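Student:
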Ligand SMILES: Nc1ncnc2c1ncn2[C@@H]1O[C@H](COP(=O)(O)OP(=O)(O)OP(=O)(O)O)[C@@H](O)[C@H]1O
Ligand SMILES: [Mg+2]
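Residue numbers (this note's numbering): 18 to 348.
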C-alpha cells in the first residue's frame, strides 16, 4: 500500500450539444494507491460515469471531449495513448463493470463462451485452457457448480449471477484496477450485499484496486477506504469513509448523509435534498450547490469556491472552510 496506481489530474470532460456546452467534469483530481478502494458518490448527473469513461477513454465523441487534464496509470498518461494501445490497457490493466449489466451479456451465447472470448482476446491460450480458466473464474466469483453453469445462457441465470459473470469477465485478465459503475443498483437488497461482499473479497484476495461508483453512501461504507463526493461535475469533498461518516464537512455531504435510511428509525421521514442538480450547461454563479444549500451566503452566490486542502488530508470545496484553513496555515 502507499504506492500510487492511478493519478487523475485536473480532468475536464465537456459535451458539445445543441443546447450548449455541458460541463460534465470540471477540473477533477484524485489518486488511488495499489490495492486501495475509492468510492465516488453523487446524485444522478453529477459526472460519476463520465469520470469512469474518461479514465478508460470511452467517452462518446462527439459530442464528448476530454478537454484538459491527465490520467496517469503507473505514471503513464492514458490520454496520450493510441486507440490500439487503449484497447490493450482496457481489459489487461483496467476493467470496468458498466452501469447496465443486464444488457451487457449477449443472450445468444453461453456465459462460458463470453468469458472465454475475453480470455482469448488478451491471452495466448488454447480454447481448452480458456474454458478451464472460465470455470475457475466462475468459481472465484462464487457461482456454484461452475462446471455445469459454464454452459448456461444468460437467461438461465438470476440477475445476481449474471452480475457475478460480469465481474468474472472483468477479472479474467487480472486487472490492476476494477471500476464498478453502480454494480448493485439493478439488484435486490440481499443480492446487493452479496455482490458488495464479492467485490471486497476480490480486492483482498487479488490486491486489485477498486473504484466503486454509486449514488448511495451506504454502499461505499461497506467496500471502500476513501470517498469522493461529486456534485455537478466537481469534487465537493474527499476524505476517508470514517471522516465522511463521522464528520461530513460540506453541506452537500451532510445532506447526502441525512438521506441514508436508518434501520429502526422509521418514524423519521427520509430526507431528500431539496431542489435539483443544476443544468450543467447553465450553471449557477458562485458555488454550484448554493441554490440548494441552507447555509449559503452572499459569497456563495457570487464566488466559486476552490477545493481546500485541510491539514488532516481531507479536501472540501466550501467557503465555510476557507477562513478556518487560513487561520490554521498561519499558526
Ligand atoms: N453522451 C452525452 N451527451 C451529452 N451529455 C452527456 C452525455 N453523457 C453524459 N452527459 C452529461 O454529463 C453529465 C454527467 O453524466 P454522468 O452520466 O456522468 O452522470 P452520473 O453521475 O453517472 O449519473 P447517474 O447516477 O444517473 O448514472 C450529465 O449532465 C449528462 O447529461
Ligand atoms: Mg452513471
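Ideal Cβ placement from N, Cα and C applies to all residues, glycine included. Predicted, not measured: the structure shown is a model, and the values here were computed from it.
Does the Cβ of residue 59 lie closer than 7 angstroms to at least one heavy atom of ligand 1?
Tutor: Locating residue 59 in the chain shown gives position 42, counting from the first residue. At least one heavy atom of ligand 1 is nearer than 7 angstroms to the Cβ of residue 59, so yes.
Student: Classify residue 29 as helix, strand or coil using the three-state DSSP reduction.
Tutor: By one-based count along the chain shown, residue 29 stands at place 12. Strand at residue 29.
Student: Could you work out which residue in 133, 187, 70 and 68 is closest to residue 158 when comparing CA atoms only?
Tutor: By one-based count along the chain shown, residue 158 stands at place 141. When each option's Cα is compared against that of residue 158, the closest is 187.
Student: Please go through the same chain and pick out, in chain order, the residues whose beta-carbon is closer than 7 angstroms to the beta-carbon of residue 115, but skip the five residues on each side of it.
Tutor: The sequence position of residue 115 within the chain shown is 98, counting from 1. Excluding sequence neighbours, residue 115 sits near 121 and 198.
Student: Is the beta carbon of residue 31 less than 8 angstroms from the beta carbon of residue 84?
Tutor: Residue mapping note: residue 31 aligns to position 14 of the chain shown, counting from 1. Residue mapping note: residue 84 aligns to position 67 of the chain shown, counting from 1. Cβ atoms of residue 31 and residue 84: closer than 8 angstroms.
Student: Considering just the uninterrupted stretch of the beta strand (DSSP E) at residue 226, what are its terminal residues?
Tutor: Translated into positions along the chain shown, residue 226 becomes position 209. Start and end: 226-231.
Student: Count the other C-beta atoms from every protein chain shown that fall within 10 angstroms of the C-beta of residue 348, then say buried if there are 16 or more, exposed otherwise.
Tutor: Working through the chain shown from its first residue, we reach residue 348 at position 331. Caution is warranted here: a pLDDT of 46 is assigned to residue 348, below 50, making its placement in the model unreliable, and the coordinate value is therefore given only provisionally. Exposed, because fewer than 16 other Cβ atoms sit within 10 Å of the Cβ of residue 348.
Student: Provide the residue span of the beta strand (DSSP E) that contains residue 257, from first to last.
Tutor: Within the chain shown, numbered from 1, the residue matching residue 257 stands at position 240. Looking at the DSSP string, the run of the beta strand (DSSP E) that includes residue 257 is 251-257.
Student: Using C-beta distances below 6 angstroms, list every residue in its chain close to residue 323, excluding the 5 sequence neighbours before and after it, in chain order.
Tutor: Here the question's residue 323 lines up with position 306 in the chain shown. Same-chain partners within the cutoff: there are none.
Student: Using the beta-carbon of each residue, find all residues closer than 7 angstroms to any heavy atom of ligand 2 and list them in chain order.
Tutor: This selection yields 65, 66, 116, 198, 199 and 230.
Student: Per the contact definition of three or more C-beta pairs closer than 8 angstroms, is the segment 179-186 in contact with the segment 156-171?
Tutor: Flag = yes, the segment 156-171 and the segment 179-186 touch.
Student: Grouping DSSP H, G and I as helix and E and B as strand, with all else coil, what is residue 285?
Tutor: Sequence index remark: in the chain shown, residue 285 carries index 268 (1-based). Because residue 285 sits at a pLDDT of 49, beneath the cut-off of 50, its placement in the model cannot be relied upon, and the point is left open.
Student: So, are the CB atoms of residue 49 and residue 226 less than 8 angstroms apart?
Tutor: The residue given as residue 49 occupies position 32 in the chain shown. The residue given as residue 226 occupies position 209 in the chain shown. Cβ distance < 8 angstroms, so residue 49 and residue 226 count as in contact.
Student: Can you check the segment 297-321 for any alpha helix (DSSP H) of at least 4 residues that lies completely inside it and give the ranges in chain order?
Tutor: Complete alpha helix (DSSP H) runs here, min 4: 315-319.
Student: How is the beta strand (DSSP E) around residue 81 delimited, first residue to last?
Tutor: Mapped onto the chain shown, residue 81 falls at position 64. That run of the beta strand (DSSP E) goes 81-90.
Student: Quick one: grab the DSSP three-state call for residue 54.
Tutor: Reading the chain shown from its first residue, position 37 is the one you call residue 54. Of the three classes helix, strand and coil, the one that applies to residue 54 here is strand, per DSSP.
Student: Bridge partners for residue 34 per DSSP, in chain order?
Tutor: Looking up residue 34 in the chain shown gives position 17. Residue 34 is bridged to 37.
Student: Which value, in whole angstroms, describes the spacing of the CA atoms of residue 23 and residue 175?
Tutor: If you number the chain shown from 1, residue 23 lands on position 6. If you number the chain shown from 1, residue 175 lands on position 158. Each residue's alpha carbon lies about 34 angstroms from the other.
Student: So for residue 16, helix, strand or coil by DSSP?
Tutor: Outside the modelled stretch of the chain, which goes from 18 to 348, sits residue 16, for which no answer is possible.
Student: Please state the DSSP three-state secondary structure of residue 338.
Tutor: For the purposes of this step, residue 338 is taken as residue 321 along the chain shown, with counting starting at 1. Reduced to three states, the DSSP call for residue 338 is helix.
Student: Relative to the C-alpha of residue 166, which candidate in 189, 142, 130 and 25 has its C-alpha closest?
Tutor: Your numbering for residue 166 matches position 149 in the chain shown. Out of 189, 142, 130 and 25, 130 has the C-alpha closest to the C-alpha of residue 166.
Student: State the Cα-Cα distance for the pair residue 201 and residue 56, rounded to the nearest angstrom.
Tutor: Within the chain shown, numbered from 1, the residue matching residue 201 stands at position 184. Within the chain shown, numbered from 1, the residue matching residue 56 stands at position 39. So the alpha carbons of these two residues sit roughly 14 angstroms apart.
Student: Would the C-beta of residue 34 count as close to ligand 1, meaning under 7 angstroms from any of its heavy atoms?
Tutor: Sequence index remark: in the chain shown, residue 34 carries index 17 (1-based). Result yes, Cβ under 7 angstroms from ligand 1.
Student: Can you tell me where the alpha helix (DSSP H) with residue 70 in it begins and where it stops?
Tutor: Numbered from 1 along the chain shown, position 53 holds the residue referred to as residue 70. Here the alpha helix (DSSP H) through residue 70 covers 65-72.
Student: Check whether the Cβ of residue 232 sits closer than 7 angstroms to any heavy atom of ligand 1, and report yes or no.
Tutor: As a working mapping, residue 232 is identified with position 215 in the chain shown. Yes, Cβ of residue 232 sits closer than 7 angstroms to a heavy atom of ligand 1.
Student: If we require 4 or more residues per run, which alpha helix (DSSP H) segments fall completely within the segment 108-187?
Tutor: With a minimum length of 4 residues, the continuous alpha helix (DSSP H) runs that stay inside the segment 108-187 are 128-139, 144-157 and 163-166.
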